[in-house]
Amino acid sequence: MDFSQTAERISLKIKQKGQSVDSKKIEAKLRRLVEEFGVQPAEAERSVTNELAKEFNLTGIGTMGGGGGGGAGTKEDRSIADIFPGEWVTIEGKVVSILSPPSPAIAQSGIIADATGAIRFVAWAKANAPKMTDGAWYRIESAVVDEFKGVANLKIHSGTAIKPIEEDRALIPSMVRIGELKPGIASVRAKVVQEWETTHERMLQSGILGDESGTVKFVIWKEAGKEKLAIGAVYTIFYAQVDEFNGRLSLNLSTASYIRDEGDIVVSGGDTEIRGTIVHIAPGSGLIKRCPVEGCNRALSRQNYCAVHEIQPKFVYDLRIKGWLDNGKKTYNMLLQRDVVESLTGMTLDAAKELAENNPLGIDEVFLRMRDAVLGRYVICRGREIDNRLLVRSCERLKMETGEHAALLNRAGGVP
Amino acid sequence: MSNGGTPSLPKRDVGFEREPARRVFAAELRECRYQFREGDDEKSPTFVLLPTGERCNRVFLVGTLTEKQRQGDQNIFYRGRVVDPTGTFFVMAGSYQPEAMQQLAKIDTPAFVAVVGKPNIYQTPDGAYLVSVRIESITVVDRETRDLWVLDAARATLDRLDALAAGTAPDAARIKEHYPALDPAVFRKMAYESLAQVKI
Numbered sequence: 060m061d062f063s064q065t066a067e068r069i070s071l072k073i074k075q076k077g078q079s080v081d082s083k084k085i086e087a088k089l090r091r092l093v094e095e096f097g098v099q100p101a102e103a104e105r106s107v108t109n110e111l112a113k114e115f116n117l118t119g120i121g122t123m124g125g126g127g128g129g130g131a132g133t134k135e136d137r138s139i140a141d142i143f144p145g146e147w148v149t150i151e152g153k154v155v156s157i158l159s160p161p162s163p164a165i166a167q168s169g170i171i172a173d174a175t176g177a178i179r180f181v182a183w184a185k186a187n188a189p190k191m192t193d194g195a196w197y198r199i200e201s202a203v204v205d206e207f208k209g210v211a212n213l214k215i216h217s218g219t220a221i222k223p224i225e226e227d228r229a230l231i232p233s234m235v236r237i238g239e240l241k242p243g244i245a246s247v248r249a250k251v252v253q254e255w256e257t258t259h260e261r262m263l264q265s266g267i268l269g270d271e272s273g274t275v276k277f278v279i280w281k282e283a284g285k286e287k288l289a290i291g292a293v294y295t296i297f298y299a300q301v302d303e304f305n306g307r308l309s310l311n312l313s314t315a316s317y318i319r320d321e322g323d324i325v326v327s328g329g330d331t332e333i334r335g336t337i338v339h340i341a342p343g344s345g346l347i348k349r350c351p352v353e354g355c356n357r358a359l360s361r362q363n364y365c366a367v368h369e370i371q372p373k374f375v376y377d378l379r380i381k382g383w384l385d386n387g388k389k390t391y392n393m394l395l396q397r398d399v400v401e402s403l404t405g406m407t408l409d410a411a412k413e414l415a416e417n418n419p420l421g422i423d424e425v426f427l428r429m430r431d432a433v434l435g436r437y438v439i440c441r442g443r444e445i446d447n448r449l450l451v452r453s454c455e456r457l458k459m460e461t462g463e464h465a466a467l468l469n470r471a472g473g474v475p
Numbered sequence: 509m510s511n512g513g514t515p516s517l518p519k520r521d522v523g524f525e526r527e528p529a530r531r532v533f534a535a536e537l538r539e540c541r542y543q544f545r546e547g548d549d550e551k552s553p554t555f556v557l558l559p560t561g562e563r564c565n566r567v568f569l570v571g572t573l574t575e576k577q578r579q580g581d582q583n584i585f586y587r588g589r590v591v592d593p594t595g596t597f598f599v600m601a602g603s604y605q606p607e608a609m610q611q612l613a614k615i616d617t618p619a620f621v622a623v624v625g626k627p628n629i630y631q632t633p634d635g636a637y638l639v640s641v642r643i644e645s646i647t648v649v650d651r652e653t654r655d656l657w658v659l660d661a662a663r664a665t666l667d668r669l670d671a672l673a674a675g676t677a678p679d680a681a682r683i684k685e686h687y688p689a690l691d692p693a694v695f696r697k698m699a700y701e702s703l704a705q706v707k708i
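First to last, the sequence lines map onto chains A and B. Counting from 60, one number per residue, gives the positions in the first sequence under our numbering. Counting from 509, one number per residue, gives the positions in the second sequence under our numbering.
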């Protein structure tokens, strides 16, 4: 586990109070608590922060002993970008998003932003706090910053004062590049590079967004007023939630507002390009059936059997190609999803279904035709490489290039 | 997985890695005389040593299928000849490769074909050597794929020759031992002539 970020955060907090601590030392403390004593990382952070605060006799950081006892400095206005879990803070910001509360214990949750950044807030039902309105400015005094799923969270409790700010202030969100995203709330300008099949019936859309600095997965859940993104289009996305799962980030656009933008972005990063030949098409390619149970989506056997949900007569058809891509030096296990299969083979899902229904060989006929259309062909595949497996985003037939031919002739040496 | 053999041998890759299909012209494959296996395991791959200095367990070739022939009574198998700018590949598919055999049986000659297969060296009773490719898959392709292959095979041949000249070829020692009389310039010329035949 990597503690350097947490250590950095703690060290920054101490530094703000005019003291300095070696972040290596903090890291060692954290590591010891988590690895040797099995303490939860969030708890370890709190405990180390408190320990250091005590050591330097600091107030205003760490969790105070007594309830409601905001130390010195809580009345001092802070920038949202500079607040950290474990602090009591006062901020002024604009509510940019209101979410439906996930539990009755929560009265309201949403996102509040200032010019430096944005943070998710949660008002507990017990706090009896006045409801805030989307788009309005507020001064929030003595709220607690804690951490939820690795993301900083502003907790509004019974000791927190919320005061509306009447004047209308302009708010220009600070934009972040995708390559620099961290868990939390972020605004990005990005292009929709790929759309995936949804794996859950509550999911509206998922796929990949990219900018010049990298790519990130995104998801939009079904909710009133939410619209799908158009593939290939550029959007400015305000206040999306950046989640982390298994060390990978994803953008949840349910909290976000997005508007379509002019122009184009050259998306880079996280991408592999491989030129080679398709040397094998594996069984299970072509027209396949998927389990209709929400969140499952597994490929079914020919008898419509799902490994988890047993017989599923109401399956969903899909196209895919699994196979080996070989450049003469290395062989890659490749996986093409429906849209890539359709554009490479020229056979749409509907055409494949029709072919399977009207042919004595059924889905085997689809497999054979696709095999004959792509096997032994030179292609350029672009996508993400994970452990020798290439998740292909685009796959095109390679074309003859005169320049390459001439270069090779020169290289071979012009011997008559 | 087998990373088998005696402990003194260097371990090949941990976990499964499919052997890549080498791009080789017919004139080079025809010259192969040495075949070896790394490790004693039943499943250890067999390699044919290419004269330009690379081991080869699998080949990818594109050329014109000019002839095919059904043979055998009990054990049916198909033989075919695939021609590239430098010569002829002998390909075959037997009842152990039913899918490849059906694919080959369906193709009308002549046709451009792409073949993935495993090379083997045979010695005839009169002492002559024959290198044949056991087909894993064979598909009909277009002329452009054939031309792309000629470029690809030429590039791979030149890469191997460069590595051999630089002394970085992984099987350089074996080349010296088993192909002492071969002149690398022959293969450079072969690559050049093949490229010259491609009309753009």
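We treat Cβ as the ideally placed atom computed from N, Cα and C, and that holds for glycine.
Inter-residue Cα distance where the pair is residue i and residue j
{"i": "ALA619(B)", "j": "GLY291(A)", "result": "40 Å"}
{"i": "MET393(A)", "j": "GLN362(A)", "result": "26 Å"}
{"i": "LEU557(B)", "j": "ILE244(A)", "result": "58 Å"}
{"i": "ARG530(B)", "j": "LYS626(B)", "result": "10 Å"}
{"i": "GLU455(A)", "j": "GLU413(A)", "result": "25 Å"}
{"i": "PHE143(A)", "j": "GLN396(A)", "result": "41 Å"}
{"i": "GLY547(B)", "j": "THR665(B)", "result": "27 Å"}
{"i": "GLU712(B)", "j": "PRO553(B)", "result": "Lying before the first or after the last residue shown, residue 712(B) is absent from chain B, which here runs from 509 to 708."}
{"i": "ILE324(A)", "j": "ASP270(A)", "result": "6 Å"}
{"i": "GLY127(A)", "j": "ILE73(A)", "result": "Bear in mind that a pLDDT of 35 at GLY127(A), under 50, signals an unreliable position, so the model cannot answer this."}
{"i": "ILE422(A)", "j": "ILE170(A)", "result": "49 Å"}
{"i": "VAL338(A)", "j": "VAL438(A)", "result": "11 Å"}
{"i": "LYS281(A)", "j": "SER162(A)", "result": "18 Å"}
Cβ of residue i within 7 Å of any chain B Cβ
{"i": "MET60(A)", "result": "no"}
{"i": "ALA341(A)", "result": "no"}
{"i": "CYS355(A)", "result": "no"}
{"i": "ARG137(A)", "result": "no"}
{"i": "ASP385(A)", "result": "yes"}
{"i": "ASP22(A)", "result": "Given that chain A is displayed from residue 60 to residue 475, the structure contains no residue 22(A) and the question cannot be resolved."}
{"i": "GLY238(A)", "result": "no"}
{"i": "THR404(A)", "result": "no"}
{"i": "LEU467(A)", "result": "yes"}
{"i": "PRO232(A)", "result": "no"}
{"i": "LYS389(A)", "result": "yes"}
{"i": "VAL375(A)", "result": "no"}
Delimiting residues of the alpha helix (DSSP H) encompassing residue i
{"i": "GLN75(A)", "result": "63-75"}
{"i": "ARG349(A)", "result": "Segment 345-349 is the beta strand (DSSP E) holding ARG349(A); no alpha helix (DSSP H) there."}
{"i": "VAL649(B)", "result": "Element bounds for VAL649(B): n/a, residue is neither H nor E."}
{"i": "GLU225(A)", "result": "Neither: GLU225(A) is in no alpha helix (DSSP H) and is coded neither H nor E."}
Cβ distance (whole Å) where residue i is taken to contact residue j below 8 Å
{"i": "PHE426(A)", "j": "SER344(A)", "result": "6 Å"}
{"i": "GLY266(A)", "j": "THR653(B)", "result": "The Cβ separation is near 32 Å, so there is no contact."}
{"i": "GLY194(A)", "j": "ALA172(A)", "result": "The pair is not a contact, with the Cβ atoms about 11 Å apart (cut-off 8 Å)."}
{"i": "ASP679(B)", "j": "GLU562(B)", "result": "6 Å"}
{"i": "PHE555(B)", "j": "GLN543(B)", "result": "7 Å"}
{"i": "LYS185(A)", "j": "SER217(A)", "result": "7 Å"}
Residue i, enclosing beta strand (DSSP E) - first and last residue
{"i": "ALA172(A)", "result": "165-173"}
{"i": "ASP302(A)", "result": "293-304"}
{"i": "ILE267(A)", "result": "262-270"}
{"i": "LEU158(A)", "result": "147-158"}
Proximal chain A residues relative to residue i, where beta-carbon distance stays under 8 Å
{"i": "THR554(B)", "result": "What THR554(B) touches in chain A: nothing, since even the nearest Cβ is about 17 Å away."}
{"i": "THR653(B)", "result": "GLY435, ARG436, TYR437"}
{"i": "ILE708(B)", "result": "MET459, THR461, HIS464"}
{"i": "LEU666(B)", "result": "LEU467, ARG470, ALA471"}
Chain A contact for residue i (CB, 7 Å cutoff)
{"i": "VAL694(B)", "result": "no"}
{"i": "VAL649(B)", "result": "yes"}
{"i": "PHE585(B)", "result": "no"}
{"i": "ARG563(B)", "result": "no"}
{"i": "LEU703(B)", "result": "yes"}
{"i": "ARG663(B)", "result": "yes"}
Chain-ordered neighbours of residue i on chain B, where CB pairs are closer than 9 Å
{"i": "GLU332(A)", "result": "Near GLU332(A) there are no residues of chain B at all, since even the closest Cβ is about 16 Å away, more than 9 Å."}
Under 7 Å by beta carbon: chain B residues contacting residue i
{"i": "VAL451(A)", "result": "Correct list: empty, because the minimum Cβ distance to chain B is about 17 Å."}
{"i": "LEU472(A)", "result": "One point to set straight first is that residue 472(A) is Gly, not Leu, in the sequence displayed. Going along chain B in sequence order, the residues near GLY472(A) (Cβ under 7 Å) are ARG696, TYR700."}
{"i": "VAL338(A)", "result": "ALA529, PHE568, VAL624"}
Proximity test, residue i beta-carbon vs the ligand GDP heavy atom, cut-off 6 Å
{"i": "MET698(B)", "result": "No copy of the ligand GDP appears in this structure; indeed no ligand is present at all."}
Proximal chain B residues relative to residue i, where beta-carbon distance stays under 8 Å
{"i": "GLU463(A)", "result": "LEU659"}
Under 7 Å by beta carbon: chain A residues contacting residue i
{"i": "ARG526(B)", "result": "TRP383, THR390"}
{"i": "ARG589(B)", "result": "Per Cβ cutoff of 7 Å: no residues; ARG589(B) is ~18 Å from chain A at best."}
{"i": "LEU656(B)", "result": "TYR437, LEU457, MET459"}
Under 9 Å by beta carbon: chain A residues contacting residue i
{"i": "SER645(B)", "result": "VAL338, HIS339, ILE340, ARG430, LEU434, GLY435"}
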